[in-house]
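For reference, the structure is listed below as structure tokens.
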Amino acid sequence: MSTQPAAASLEPEGGLKIPRHIGVIMDGNGRWAKQRGLSRSDGHKAGVEAVRRVVALAMDHGVDCLTLFSFSAENWRRPPDEVRFIFGLLRRFVASDLEKLHSRNVRIRVIGERDGLERGLLNIIDDVEARTAGNSGLDLIIAFNYGSKVEIVNATRAIARKVAAGDMRPEDIDETVIARHLDTSGLPDPDLIIRTSGEMRLSNFLLWQAAYAELVFVPENWPDFDESVFVRALRTYTQRERRFGGITT
Ligand code: IPE
Ligand code: IPE
Ligand code: MG
Numbered sequence: 001m002s003t004q005p006a007a008a009s010l011e012p013e014g015g016l017k018i019p020r021h022i023g024v025i026m027d028g029n030g031r032w033a034k035q036r037g038l039s040r041s042d043g044h045k046a047g048v049e050a051v052r053r054v055v056a057l058a059m060d061h062g063v064d065c066l067t068l069f070s071f072s073a074e075n076w077r078r079p080p081d082e083v084r085f086i087f088g089l090l091r092r093f094v095a096s097d098l099e100k101l102h103s104r105n106v107r108i109r110v111i112g113e114r115d116g117l118e119r120g121l122l123n124i125i126d127d128v129e130a131r132t133a134g135n136s137g138l139d140l141i142i143a144f145n146y147g148s149k150v151e152i153v154n155a156t157r158a159i160a161r162k163v164a165a166g167d168m169r170p171e172d173i174d175e176t177v178i179a180r181h182l183d184t185s186g187l188p189d190p191d192l193i194i195r196t197s198g199e200m201r202l203s204n205f206l207l208w209q210a211a212y213a214e215l216v217f218v219p220e221n222w223p224d225f226d227e228s229v230f231v232r233a234l235r236t237y238t239q240r241e242r243r244f245g246g247i248t249t
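Counted from 1, the sequence shown has number 230 at position 230 by the working numbering; the numbering is strictly sequential.
The structure is reproduced here in structure tokens:
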């Protein structure tokens, strides 16, 4: 059994196709800072402003679902001070922006490994998710301490446990079952993935979910992300022909 690709809607004005779900690999904070003789922390701080912009842009353009890659499972390889700073930014972002996002009907969900995160941060994440769970506007997914391979390992273990317990047969496992055990369960697959800073790789982001995503790489570093970059990415997406293995008639 195969899952149906999500249909993206066509925006009448401007002729831009609006993806239902956009994933963003927010890269280039360090290079942005270096070019300005600033610290990497300054780059990450400037990156938070770009997060505010992309959330507003997604809402303004009628995107249903926005997933932001903000800290990868591999980012622990960075110096502890930088890791601490990024964790602090997440806390401060939630403290300063939660009310506004909640009042704008945004539903926030955090995906990624919870193991290894300290209790205080886990409480904040649980609180944010619970507070906004009933909202029906933009689905904002923050991929934090997220790695797609770990996510798939966890899903496989959960399914294996069910089989071992006799609650499921191996032949019951299909694409839908696997998708339901991923962190993104219930969300549509991303139609468009944007990566900033000119790097052209996924870096362990939504590997399963991105099977048929359109990938758009833009040269701007993340702190320079603005409406013109966003609209350019949407224009590129609009020009792509999505065939999902079929042919165009
Ligand atoms: C993206 O910017 C932010 C995170 C990965 C947390 P980087 O910090 O990777 O910036 P560059 O790639 O070093 O420029
Ligand atoms: C990917 O960026 C992770 C995030 C944007 C959070 P990285 O800067 O960590 O990716 P690599 O190491 O260049 O692949
Ligand atoms: Mg980087």
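Glycine included, C-beta positions come from ideal geometry on N, C-alpha and C.
Beta-ladder partner(s) of residue i, from DSSP
i: G245; result: Answer is none; G245 lacks a bridge partner.
i: D139; result: C65 and R107
i: V231; result: Answer is none; V231 lacks a bridge partner.
i: I22; result: L66 and L192
i: Y146; result: S72
i: E214; result: L192
Residue burial classification, residue i (beta-carbon count within 10 angstroms, cutoff 16)
i: W76; result: exposed
i: D81; result: exposed
i: D174; result: exposed
i: L122; result: exposed
i: F244; result: exposed
i: E227; result: exposed
i: T184; result: buried
i: T196; result: buried
i: R91; result: exposed
i: G112; result: buried
Residue from the options with nearest C-alpha to residue i
i: P19; options: L215, L101, T248 and N105; result: L215
i: G198; options: G245, R53, F225 and R91; result: F225
i: L192; options: K149, E241 and V177; result: E241
i: W208; options: K100, F87, A179 and V54; result: A179
i: M26; options: A95, R109 and R201; result: R201
i: D60; options: E151, L38 and G137; result: G137
i: F93; options: V51, D139 and K149; result: V51
i: R104; options: L140, L89 and K149; result: L140
i: I194; options: L89, L206 and L187; result: L206
Between the CA atoms of residue j and residue i - distance to the nearest angstrom
i: F14; j: L117; result: The displayed chain sequence assigns Gly, not Phe, to residue 14. Computed Cα separation, rounded: 43 Å.
i: A160; j: H181; result: 11 Å
i: D115; j: Y212; result: 30 Å
i: T249; j: K17; result: 20 Å
i: S41; j: V163; result: 46 Å
i: R235; j: T132; result: 31 Å
i: P12; j: A56; result: Note that P12 scores a pLDDT of 48, beneath 50, so its modelled location is shaky and nothing firm can be said.
i: R84; j: N135; result: 30 Å
i: V254; j: Q239; result: Nothing about residue 254 can be read from this structure; the chain reaches only from 1 to 249.
i: K34; j: P79; result: 16 Å
i: S96; j: R53; result: 15 Å
i: G246; j: D189; result: 18 Å
i: V110; j: G62; result: 21 Å
i: A130; j: D64; result: 19 Å
Residue i CB to nearest heavy atom of ligand 4 below 7 Å
i: D27; result: Looking at this structure, you won't find ligand 4 anywhere; what it does contain is ligand 1, ligand 2 and ligand 3.
Neighbour flag for residue i against chain B, beta carbons, 8 Å
i: E129; result: This model lacks chain B altogether; it includes just one protein chain.
Query raised in the report: Touch check for the stretch 215-223 and the stretch 27-45: three-plus C-beta pairs under 8 Å?
Result: Contact between the stretch 215-223 and the stretch 27-45 is present, because at least three Cβ pairs lie under 8 Å.
Report task. Give a yes or no on contact between the stretch 161-177 and the stretch 34-52, applying the rule of three or more CB pairs nearer than 8 Å. Result -> Contact between the stretch 161-177 and the stretch 34-52 is absent: fewer than three C-beta pairs spanning the two stretches fall below 8 Å.
Query raised in the report: Are there three or more Cβ pairs, one per stretch, closer than 8 Å when the stretch 124-131 is compared with the stretch 145-157?
Result: no
Query raised in the report: Do the stretch 64-76 and the stretch 141-155 meet, that is, are 3 or more Cβ pairs less than 8 Å apart?
Result: yes
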